[in-house]
Each structure stands twice: as structure tokens, then as C-alpha cells.
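**Q** Okay, handing you the structure first.
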Amino acid sequence: MVLQRKATEEDLENVWNMNIADHPEDSRWKKWKQEYIGYNRSGEAVTFVVIWNGRAVGEGTLLFSPACEAVGGRKALADGIAVANINALRIRKECEGKGYISAMIRQMEQYARENGYTRLTIGVEAAETRNLGIYLHWGYNEFVMAETEENTLILYYAKNL
């Protein structure tokens, strides 16, 4: 059975512990765990998860505040009023291509609408053409900006809700 939902505290712990275990040599994942759990607690963000066979296998976070590190004050990406950013969108390889993330994105969009947001943004590494195609298919087809982050070109797109 598959379900997409707003993450509980337990879901957040599980999904971040899984991410840390997948990247044991990269200490940034421990830092990001603390940041994203903190954002969820403060209301600066809301994380959603895909639950498959009783475990979290996918995630995505709506960042609302321009103060979130991934937004970096760029109000075109998230302004805390009407614009939010979809961030940290991931799913386990064995669950790719089954529509689970698409269903979670629809749930995230509905949540954003219900909470007064009228526009969502999403970033994609320029080299990730498959992901870009998926995001365009979902309607994120208004180019917002391009930024180089950690030596990687990131393209940002938007969708009006």
C-alpha cells in the first residue's frame, strides 16, 4: 500500500536517518536534518512523505520562508506570503516511475493553495534533463532564474496555482 501525507515527527526522523545512511561520508546531511526538522517545527516549511510498505521512501518539502537556507533570501523562490518553493524532492530508486511523487506533488500543491499560496517554484540541476521534463509536465514551465550553487547550475521554474 502506498500513501502520501504530511510528515509526522517520526516520518521526518526516519526519512532523514535514511538520507544520512545513504550518504555516510557527507556530513552536510546531518546538518540538513536539523535544519529541515527545525523548519517543520517553526512553520517555515512542511515536509510530505511517500509511505510504501510501511516505510518512508520519498519526500518533498514546501519551503515558505525566504530565511530558509535553500531559498537564501530569494523572494522570487519563496516569500512567506504567496510564493513557496518545492525542495528536497527525492524517492528511492525502487519506487521511481510509479506516480508516487506525482501524487505527492498534487497533495503539496493542494496544501499550498489551502494555505493561501498562489505560486510554487522548483529547482532542477541543468544536467538533470529527465527531472526537468517531469517538472515541465507537471506545469512548472515558467522560467524564473538560473543560479550556480555549489558549482552546479540550477534552473528554477514556477507554476501558478
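Numbering-wise, the working numbering puts 553 at position 33 of the sequence shown, and it's gapless, one number per residue.
No residue lacks a Cβ here, since even glycine has one placed at the ideal position from N, Cα and C.
As the structure is a computational prediction, the values presented were derived from the model and not from experiment.
Exposed or buried, what is Arg639 when buried is set at 16 or more other beta-carbons lying within 10 Å of its beta-carbon?
**A** It is buried - the Cβ of Arg639 has at least 16 other Cβ atoms within 10 Å.
**Q** What separation, rounded to the nearest whole angstrom, lies between the Cα atoms of Gln554 and Met628?
**A** Answer to the nearest angstrom: the Cα atoms are 22 angstroms apart.
**Q** Quick check on this structure: which residue in Leu582, Ala587, Met521, Ile606 has the alpha carbon closest to the alpha carbon of Pro675?
**A** Note on residue identity: the sequence assigns Leu, not Pro, to residue 675. The shortest C-alpha separation from Leu675 is found at Ile606.
**Q** I'd like to know whether the C-beta atoms of Phe568 and Lys526 end up nearer to each other than 8 angstroms.
**A** Their beta carbons are under 8 angstroms apart, which means Phe568 touches Lys526 by this criterion.
**Q** Check this for me: beta carbons of Val570 and Gly563, under 8 angstroms apart or not?
**A** No.
**Q** Whose CA, out of Ile540, Ala596, Gln524, lies closest to the CA of Met665?
**A** Measuring from the Cα of Met665, the nearest candidate turns out to be Ala596.
**Q** Considering just the uninterrupted stretch of the beta strand (DSSP E) at Tyr637, what are its terminal residues?
**A** Where Tyr637 is concerned, there is no enclosing beta strand (DSSP E), given that its DSSP letter is neither H nor E.
**Q** Taking C-alpha atoms, which residue in Asp546, Val522, Ala623 lies nearest to Gly574?
**A** Closest option to Gly574, Cα to Cα, is Val522.
**Q** Would you decide whether Ala647 is buried or exposed? Buried here means 16 or more other CB atoms lie within 10 Å of its CB.
**A** Exposed.
**Q** According to DSSP, is Lys526 helix, strand or coil?
**A** Three-state DSSP puts Lys526 in a strand.
**Q** For Ala678, would you say it is in contact with chain D, using Cβ-to-Cβ distances shorter than 8 angstroms as the test?
**A** The structure shown contains no chain D, having only a single protein chain.
**Q** Just the Cα atoms here: how many angstroms apart are Trp549 and Ile540?
**A** Distance between the alpha carbons of Trp549 and Ile540 is about 5 angstroms.
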